[in-house]
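Colleague: Chains as they are written, first to last, in our numbering: chain P, 13 to 380; chain R, 110 to 418; chain S, 92 to 476.
For each residue, glycine too, the CB sits at the ideal point set by N, CA and C.
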Amino acid sequence: MSARWRELAHWLRHDRRARWLGLVLSGVALAVLPFVLDASVGRTWVRVIDLALLYTMLALGLNIVVGFAGLLDLGYIAFYAVGAYTYALLASPHFGLHLPWWVLLPAGAVLAAFFGVVLGAPTLRLRGDYLAIVTLGFGEIIRIFLNNLNAPINITNGPQGVNLIDPINIAGVSFGRTDSLLGISFPGTHLHYYLFLVLAVLVMFVCIRLEDSRLGRAWVAIREDEIAALAMGINTRNVKLLAFAMGATFGGVAGGLFSSLQGFVSPESFVVWESITVLCMVVLGGMGHVAGVVLGALMLATLPELLRHTAAPMQQQLFGKVILDPESLRMLLFGLALILVMLLRPAGLWPSPTRRRELTSAGAPGAV
Amino acid sequence: MDIFLQQILNGLVLGSVYALVALGYTMVYGILGLINFAHGEVVMVGALVSLSVVELLLGTNLGLPAPLLGVVALVVAIGVCMALGFSIERIAYRPLRRAPRLAPLITAIGVSILLQTLAMLIWGRRYHTVPALIPPTPHAVAGATITNVQILIIVVSALIMAGLMGLVHFTRLGRAMRATAENPVVAGLMGVNINRIISATFVIGSALAAVAGVLVSSNYGVAHYYMGFVLGLKAFTAAVLGGIGNLPGAMVGGLLLGLIESLGAGYIGDLTGGFLGSHYQDVFAFLVLIMVLVFRPTGLLGERLSERA
Amino acid sequence: MKEGDLSVHLKTAVVGAAAALALVLSGCGKKDEAIKIGHAGPLTGPVAHLGKDNENGVRLALDEANAANIMLGGKKATFAMQSEDDQADPKQGPIVAQKLVDAKVAGVIGHLNSGTTIPASKIYHDAGIAQISPSATNVTYTHQGFKTAFRVMANDAQQGKVLGDYAVHKLGAKNIAIIDDRSAYGQGLADEFEKAAKAAGGQVVTREFTGTDKTDFNAILTSIKGKNPDLIFYGGMDSQSGPMMKQIKNLGIGAKFLTGDGGQTAEFLKLAGDAAEGAYASSPGVPLDKMPGGKAFAEKYKAKFNIEIQLYAPYAYDAANVLLEAMKKADSTDPAKYLPILAGISYQGVTGNVAFDENGDIKGGSISLYQAKGGKWEYLDTVGG
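1) What's the gap between the Cα of residue 214 of chain S and the Cα of residue 245 of chain P?
2) For the stretch 305 to 318 of chain R against the stretch 278 to 293 of chain R, do three or more pairs of beta-carbon atoms, one drawn from each stretch, fall closer than 8 Å, so that the two count as touching?
3) If contact is defined by three or more beta carbon pairs under 8 Å, each pair taking one atom from either stretch, is the stretch 71 to 79 of chain P in contact with the stretch 258 to 275 of chain P?
4) What is the residue span of the alpha helix (DSSP H) that residue 344 of chain S lies within?
5) Taking only three categories from DSSP, how would you classify residue 220 of chain R?
6) Mind listing which residues of the stretch 262 to 275 of chain S have their C-beta closer than 8 Å to chain P's C-betas, in chain order?
7) Residue 183 of chain S lies in the alpha helix (DSSP H); which residues open and close that run?
8) Output the residue ranges of the alpha helix (DSSP H) runs that lie fully inside the stretch 222 to 305 of chain R and measure 4 residues or longer, sorted by chain position.
9) Output, in sequence order along the chain, the residues in the stretch 219 to 237 of chain R whose CB is closer than 7 Å to any CB in chain S.
10) Does the stretch 309 to 328 of chain R come within contact of the stretch 394 to 407 of chain R, defined as at least 3 CB pairs closer than 8 Å?
11) With a threshold of 8 Å, are at least 3 pairs of Cβ atoms found where one atom belongs to the stretch 205 to 223 of chain S and the other to the stretch 143 to 156 of chain P?
12) How many Å lie between residue 310 of chain S and residue 369 of chain R at the Cα?
13) Report the residue ranges of all alpha helix (DSSP H) runs contained in full by the stretch 182 to 234 of chain P; include only those spanning at least 4 residues, in chain order.
14) Here's a check: name, in chain order, each residue in its chain whose Cβ is nearer than 7 Å to the Cβ of residue 216 of chain P, leaving out the five neighbours to either side.
15) Report the neighbours of residue 112 of chain R on chain S: residues whose CB is nearer than 8 Å to its CB, in chain order.
16) Closest by CA to residue 151 of chain P, which one among P/88, P/117, P/293?
17) Could you pull the start and end residues of the alpha helix (DSSP H) that residue 112 of chain R belongs to?
18) Given that a residue counts as buried once 16 or more other Cβ atoms are within 10 Å of its Cβ, and exposed if not, what is residue 227 of chain P?
19) Determine the burial state of residue 267 of chain R: buried for a count of at least 16 other Cβ atoms within 10 Å of its Cβ, exposed for fewer.
20) Among all the DSSP beta bridges, which residues are the ones paired with residue 322 of chain S?
21) With a threshold of 9 Å between beta carbons, is residue 336 of chain R in contact with chain S?
22) Since residue 340 of chain P meets chain R, which of its residues come closer than 8 Å, beta carbon to beta carbon?
23) Sort P/369, P/363, P/191, P/316 by Cα distance to residue 64 of chain P and report the nearest one.
24) Within 9 Å (strictly less), CB to CB, does residue 304 of chain S reach chain R?
25) Taking only beta-carbon positions, decide if residue 337 of chain P is within less than 9 Å of chain S.
26) For the stretch 196 to 223 of chain S, enumerate the residues whose C-beta is nearer than 8 Å to any C-beta of chain P, in chain order.
27) Taking buried to mean at least 16 other C-beta atoms within 10 Å of its own C-beta, is residue 224 of chain P buried or exposed?
28) Between the alpha carbons of residue 274 of chain R and residue 116 of chain R, how many angstroms are there, rounded?
29) So if DSSP puts residue 128 of chain S in a beta bridge, which residue, or which two residues, is it bridged to?
30) From this set, R/112, R/113, R/118, R/126, which residue's C-alpha is nearest residue 336 of chain R's C-alpha?
31) Give the secondary structure of residue 339 of chain S by DSSP, where H, G and I count as helix, E and B as strand, and everything else as coil.
32) Rounded to whole angstroms, how far is the Cβ of residue 402 of chain R from the Cβ of residue 138 of chain P, which I believe are closer than 8 Å?
33) Could I get the ranges of all uninterrupted beta strand (DSSP E) runs contained in the stretch 191 to 257 of chain S, with 3 residues as the minimum, in chain order?
34) Which of the residues in the stretch 293 to 312 of chain R, read from start to end, lie with their CB under 7 Å from any CB of chain P?
35) Could you have a look at residue 463 of chain S and say whether DSSP puts it in helix, strand or coil?
36) Name, please, each residue of chain R whose Cβ falls closer than 7 Å to the Cβ of residue 160 of chain P.
Written out as structure tokens, the structure is:
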């Protein structure tokens with residue numbers, strides 16, 4: 013029986029028509045997903061999926077820095093914040109400006125890339141551990157500035173955050189309201205879902221192409237052995253900066269989208285814990301492997317909601333009361349996941365074949 | 110002038126705590142080349158365990174004198190933290206000694222999160238009041254004030270640092286530790302049991318962390334599950350400032366960072382005419398870290414680590 | 092070989108995931124005949140005791156309403172509460188709000204803190220259902236132009252104004268130092284206080300800042316000491332103001348200490364210990380025994396839930412009742428019908444008279460002042476209301 017499954021799998025992978033069929037079916041499934049969720053478990057889940065798609069973009073961006081280039085960035089959420097605030101400040105009553113999304117999303121991306129270079133530049137000579145702490149410091153610095161730049165000139169509105177952000181408006185269709193197209197009503201969450209889906213797929217595509225490009229190979233070279241890479245003529249400085257910049261760009265775009273979805277941003281959403289969550293997604297899913305990272309992101313982004321649905325009622329039934337509230341459970345699982353993954357399956361849940369070989373074989377040279 | 114002196118005193122007290130915790134970071138980094146992210150959490154565990162012991166003893170109404178309670182609590186806290194440090198090294202770091210640099214770093218973050226969550230579950234999320242076993246009577250010193258507990262902090266930290274220096278330079282264990290830090294392979298060849306030395310390093314560092322935790326929670330009268338994270342970060346900054354892997358460096362770095370933070374938070378508003386204020390005080394620590402790493406990566410007192418690719 | 096295995100494993104994984112999803116989905120999707128009233132607040136986490144307290148208040152109101160056999164639209168009305176946990180997290184607020192809207196609740200009592208109430212209010216506004224918060228005090232909540240946002244407690248602007256006045260006129264402070272914890276609540280309150288204190292003729296000698304996770308305030312307090320204020324005002328929570336009091340006394344600062352409702356708690360007294368003596372704090376509303384229906388409500392609450400009231404339960408109770416009252420008057424649970432009535436209602440609740448102004452704020456919201464004496468909060472005065 014196993015042989016037949018294998019035949020089927022082989023056919024699916026290698027037959028052209030099969031792949032097209034698979035693609036079309038997946039496409040249709042994804043297109044109707046919001047309506048299916050609406051009808052079965054409620055619109056909340058569509059919102060959860062929207063956020064999960066944003067996290068996917070974040071994880072893919074961080075994957076470039078951590079997975080491809082091997083630079084541990086613990087302050088990645090700062091780029092998300094930059095993108096979110098760029099959009100929020102320029103499309104809300106705060107300054108009275110209401111610039112359109114096709115100006116703001118690229119602007120957020122460019123600004124985030126700029127910060128990526130600024131944050132990356134001083135870290136070029138640092139080794140893994142120092143790099144981690146410095147990037148964490150940078151992430152916190154950005155959050156502190158966002159939280160405090162409301163006096164003497166009010167730039168970010170401080171801890172109150174920015175409210176009443178304009179939703180994205182494409183061709184007259186505002187993503188904040190429910191609209192009807194061809195007789196089907198599309199609420200805001202669904203419209204955001206389609207946009208996020210398209211952009212997430214785009215980001216995935218870019219990452220996959222990057223992986224196979226010269227730049228991607230240069231990143232792998234630095235990750236594995238920087239001195240050898242230098243000796244091979246790779247401009248490690250520029251390559252590293254590019255890693256930071258590109259990772260930051262995706263973060264910035266995701267940030268702008270976040271602003272549009274939530275309608276409200278505050279510095280509270282960009283704390284260190286968020287950086288660690290995204291790192292968890294990359295590590296758990298499979299560092300350096302685009303598909304793995306997407307899996308990790310989707311899993312961990314929907315986990316809190318799933319826990320809330322299952323853990324609390326289950327504990328209620330079994331023990332009569334809730335011993336581990338979903339939030340504590342989530343933190344516990346994250347901590348355990350990071351430890352166990354590194355100890356048992358360092359390449360992640362769904363590693364790329366090359367990476368798995370690297371991380372599970374014995375001995376980096378000259379180790380203690 | 111007395112305000113200035115007060116800020117100096119504040120900085121010294123703060124810095125003594127940073128120094129104690131920084132010693133733990135620097136010892137581990139000197140031997141393993143690893144930032145023990147979970148070290149700050151060990152401080153937190155020390156504080157909370159000692160609090161629980163004190164509360165337990167006070168509850169039994171044995172009528173023991175307060176200082177004795179404090180000592181018992183301290184001893185228990187040290188014991189628990191030493192066991193914790195030993196376990197962390199054995200379970201989370203030892204299997205990864207041969208793995209690429211990223212792996213133990215990520216595990217360390219995982220351990221940190223795990224400890225925080227466990228502390229949250231055991232002790233809850235609220236801020237616990239730490240009973241004052243030593244009455245914090247303030248003493249006037251040339252226009253500034255300092256309390257009993259603060260004097261204790263400075264004195265105890267100084268004594269411990271001196272003791273540690275003595276241990277490292279005048280005992281066999283210390284010699285073995287220095288040898289392992291210098292070159293573990295050769296030290297192994299010379300008959301040093303590397304695993305034991307590494308465990309000892311973690312255990313000693315954790316004991317220091319416990320003391321720091323007890324002192325900090327006594328000084329501010331409060332302990333909670335999140336108190337270790339930022340403290341750990343700052344202490345690590347102090348270790349880097351002084352020169353990672355370097356014991357005197359950790360002490361100097363700690364005191365210096367405490368002074369920078371105190372004076373910074375106190376005077377930044379006046380210095381910048383209200384443009385920047387004390388809400389940026391955390392930024393100082395990070396800026397110090399970044400500047401040290403960019404301009405003088407070996408730290409103030411130089412680095413004692415062989416260059417690794 | 093390896094590739095095929097991967098494919099097989101993938102398939103098993105997909106099947107397993109689908110099964111798990113099915114299991115989860117089966118747990119959802121309930122059907123109900125009763126009229127659902129939503130409650131949102133932190134039921135887990137550091138302020139869970141306050142969230143639960145609100146939930147209890149709503150539950151009490153709904154149970155009493157069910158026992159009273161109310162008729163709505165010609166049918167007997169049975170009310171059911173749908174309570175959701177927002178963990179006091181601003182990102183969870185909208186998610187929970189969406190959940191309640193999906194469940195087609197007729198109105199919502201919530202959320203507890205401003206950080207979640209404000210983003211959630213947009214969702215309720217879009218859905219057109221009423222939201223009454225028993226405890227969110229940030230001004231922005233009712234200043235977004237939403238006709239669906241209400242609150243039954245005085246907001247931070249009102250509280251800050253009362254505190255500023257009180258500091259200058261009653262406590263005689265001429266030079267004032269202000270500290271806030273850089274949170275939305277603390278900074279909002281401190282800003283309002285500063286405006287009011289200045290308007291009352293006081294001088295603000297300095298503004299210092301701290302954070303919600305800090306315990307060391309020696310540096311900023313020393314700096315404040317050098318400026319010699321008569322009074323220090325702190326906008327923030329008891330977890331900071333408690334230790335802060337200790338450090339103030341240790342540094343020998345003789346200034347009076349005033350803080351808002353974040354510090355008017357038992358935790359503050361515990362954390363500050365002896366140093367708390369003489370500190371002033373305010374709280375919106377009136378103490379339980381000064382409320383018109385306070386004692387009776389406290390007894391009912393204790394009898395039903397077997398614990399003491401934590402803080403805002405009377406407000407949650409009144410919020411739920413005023414919502415039901417509006418529905419009764421409109422004889423309908425349709426928000427389009429009862430919202431206008433709610434906006435103009437005047438209802439005598441246990442906390443006092445509930446009526447809303449054009450923004451949705453409570454008219455005549457009162458603020459009470461307390462002083463810490465001998466390890467307890469002693470009631471001083473009530474302003475407004």
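Modeller: By the coordinates alone:
1) Per the coordinates, the alpha-carbon of residue 214 of chain S lies some 56 Å from the alpha-carbon of residue 245 of chain P.
2) Taking 8 Å as the limit for Cβ pairs, the verdict is that the stretch 278 to 293 of chain R does touch the stretch 305 to 318 of chain R.
3) In short, these stretches touch, since the Cβ pair count reaches three.
4) Where residue 344 of chain S is concerned, there is no enclosing alpha helix (DSSP H), given that its DSSP letter is neither H nor E.
5) DSSP places residue 220 of chain R in the helix class (H, G or I) of the three-state scheme.
6) Near chain P, meaning a CB-to-CB distance below 8 Å, the residues of the stretch 262 to 275 of chain S are 273, 274, 275.
7) Residue 183 of chain S: member of the alpha helix (DSSP H) spanning 183 to 193, first to last residue.
8) The stretch 222 to 305 of chain R contains these whole alpha helix (DSSP H) runs: 257 to 279, 281 to 291, 293 to 298.
9) Per Cβ criterion, the list reads 234, 235, 236.
10) Output reads no: the stretch 394 to 407 of chain R does not touch the stretch 309 to 328 of chain R.
11) In the pairwise beta carbon analysis, the stretch 205 to 223 of chain S is classified as not touching the stretch 143 to 156 of chain P: fewer than three pairs are separated by under 8 Å.
12) If I take the Cα positions, the gap works out to 11 Å.
13) 200 to 223, all fully within the stretch 182 to 234 of chain P.
14) Excluding the 5 residues flanking it on each side, residue 216 of chain P has same chain C-beta neighbours closer than 7 Å at 72, 302, 306, in chain order.
15) Listed along chain S are 313, 314, 316, 317, each with a C-beta nearer than 8 Å to that of residue 112 of chain R.
16) It is P/88 whose Cα lies nearest to the Cα of residue 151 of chain P.
17) Judged by DSSP secondary structure, residue 112 of chain R falls within the alpha helix (DSSP H) whose first and last residues are 111 to 141.
18) Counting every other CB atom within 10 Å of its CB across the protein chains shown gives residue 227 of chain P a total of 16 or more, marking it as buried.
19) Classification of residue 267 of chain R: exposed, given that the 10 Å Cβ count is below 16.
20) DSSP, once it has assigned bridges, lists S/267, S/347 as partnering residue 322 of chain S.
21) Yes, its Cβ sits closer than 9 Å to a Cβ of chain S.
22) In chain order: 226, 229, 230.
23) The residue with the shortest Cα to Cα distance from residue 64 of chain P is P/316.
24) Residue-level contact by beta carbon holds for residue 304 of chain S and chain R, with a gap shorter than 9 Å.
25) It does: the Cβ of residue 337 of chain P has a partner Cβ on chain S nearer than 9 Å.
26) Those would be 206, 209, 210, 213, 217, in chain order.
27) Classification of residue 224 of chain P: exposed, given that the 10 Å Cβ count is below 16.
28) Rounded to the nearest angstrom, the two C-alpha atoms are 28 Å apart.
29) S/172, S/198, per the DSSP bridge assignment.
30) The shortest C-alpha separation from residue 336 of chain R is found at R/126.
31) Residue state for residue 339 of chain S is assigned as helix, using DSSP reduced to three classes.
32) Confirmed, Cβ separation roughly 6 Å.
33) Within the stretch 191 to 257 of chain S, the complete beta strand (DSSP E) runs of at least 3 residues fall at 198 to 201, 221 to 224, 240 to 242.
34) Shown in chain order are the members of the stretch 293 to 312 of chain R whose Cβ falls below 7 Å from a Cβ of chain P: 293.
35) Correct three-state label for residue 463 of chain S: strand.
36) Think of a sphere of 7 Å around the beta carbon of residue 160 of chain P: the chain R residues whose beta carbon falls inside it are 388, 389, in chain order.
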